[in-house]
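No gaps in the numbering here: position 123 of the sequence shown is 122 in numbering that gives the first Met the number 0, and each next residue is one more.
One structure is given here, and the rest of the page talks about it.
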Amino acid sequence: MPKEVFLKGLARRHEELLLETKPGEVLLSYDNGAVAHTVVVADGAVIHQRNSIGPSGQPLPAVAEPSVTYASFNEFWMAFTLEEKWWLQITKKRGPVHAVLLYPLVTHHNELLADIELTYADCRPLFDLIQFIPVAGFMLKHYLVQLCPNCRAQVRRFTARYPKRLCATCVKLPLHNTAGERLEFTYLGEWTGFRVKITSPRGNVREETHLHGLPFRLNGRNYRAGSERGGGAHYSVLEGQRNYLI
Ligand SMILES: [Zn+2]
């Protein structure tokens with residue numbers, strides 16, 4: 000089923016869940032070490048409460064920043080997601096995420112990718128925020144889009160572990176190592192790795208086998224070929240030593 004169909008179903012569920020919420024229901028709670036945040040439903044409105052945290056970790060009524068009341072869920076969501084990479088603030092001591100947040104989180108993720116490229120470090124807390132929301136049958140791959148880091152086209156298959164893999168078209172582009180040699184990969188299997196045909200700028204050809212793939216460059220960026228856990232090859236952006244999400 001295409002993602003649009005899944006998303007339409009999720010949008011409908013979101014509207015139903017919004018109507019079902021009761022005053023006092025917690026949508027999200029977390030602390031950032033100094034302030035405990037609680038987002039609560041209140042008669043059609045949404046209140047973002049902030050309490051200072053005492054020396055032994057207990058929330059104190061004295062607020063570092065005042066609580067804010069929003070007239071609607073959408074108003075809250077707009078304000079909440081205003082800051083760039085806002086989700087990096089809410090990784091600590093997070094309580095359960097209410098199902099009503101699932102649709103906005105998913106659409107936010109998908110729209111975000113159209114504007115910026117996320118790092119592997121950005122992806123993990125955002126995926127974690129989304130994937131543990133208790134909605135029956137929910138799977139990231141049905142809803143989240145993934146863009147090729149080179150051409151920005153949507154890759155056919157979303158994989159949470161390899162969020163920065165090249166699309167099938169870009170894998171076929173001329174790939175080179177840092178010495179300017181052309182690399183042509185043939186994936187042999189999870190336990191055998193890659194056969195690589197290496198052609199020097201002068202046209203000399205040699206072949207090597209690399210169990211764990213090889214780094215390469217494309218349009219000025221570093222990538223690395225690797226075996227997917229469970230089989231298959233991926234050709235993903237290299238950030239530091241990593242070309243996948245832990
Ligand atoms: Zn591409």
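Glycine included, C-beta positions come from ideal geometry on N, C-alpha and C.
- Task: State yes or no: is the beta carbon of R12 nearer than 7 Å to at least one beta carbon in chain B?
- Result: The displayed structure is made up of one protein chain only, and chain B is not part of it.
- Item | Cβ contact check for the stretch 117–129 and the stretch 13–25: 3 or more pairs under 8 Å | no
- Please go through the same chain and pick out, in chain order, the residues whose beta-carbon is closer than 6 Å to the beta-carbon of E64, but skip the five residues on each side of it. R49
- Using beta-carbon positions only, say whether V96 and Y142 come within less than 7 Å of one another. no
- Query: Mind listing, in chain order, the residues whose beta carbon lies closer than 7 Å to a non-hydrogen atom of ligand 1?
  - Reply: C147, N149, C150, A152, L165, C166, T168 and C169
- Message: Determine whether the beta carbon atoms of V195 and H211 lie at a separation below 7 Å.
- Response: no
- Task: Keeping to the same chain, check which residues put their C-beta closer than 8 Å to that of S71; ignore five residues upstream and five downstream.
- Result: G43, A44 and V45
- Does the separation of the CB atoms of N203 and G225 fall below 7 Å? no
- Pull up the DSSP beta-bridge partners for Y29, would you. H36
- Task: Please report the residue range of the beta strand (DSSP E) in which L182 lies.
- Result: R181 to G188
- Task: Take the Cβ of K140 as the centre, count every other Cβ of all protein chains shown within 10 Å, and call the residue buried at 16 or more, exposed below.
- Result: exposed
- Query: Between L146 and L174, which are expected to be in contact by the criterion C-beta below 8 Å, what is the C-beta distance as a whole number of angstroms?
  - Reply: Not quite, the Cβ-Cβ distance comes to about 19 Å (not below 8 Å), so this is no contact.
- C-alpha gap between K84 and L187, whole angstroms: 39 Å
- Message: According to DSSP, simplified to helix, strand and coil, what is Y234?
- Response: strand
- T185 burial status per 10 Å Cβ neighbour count (16 or more: buried): exposed
- Query: Helix or strand or just coil, what does DSSP make of Q48?
  - Reply: strand
- Name the one or two DSSP bridge partners that K196 has. E183 and E206
- Please confirm if the stretch 222–238 is in contact with the stretch 158–165, defined as three or more CB-CB distances below 8 Å between the two stretches. yes
- Hey, quick one: how far does the beta strand (DSSP E) through F131 stretch, first residue to last? It is not in any beta strand (DSSP E) - F131 carries neither H nor E in the DSSP assignment.
- Is the Cβ-Cβ distance between T37 and S28 less than 7 Å? yes
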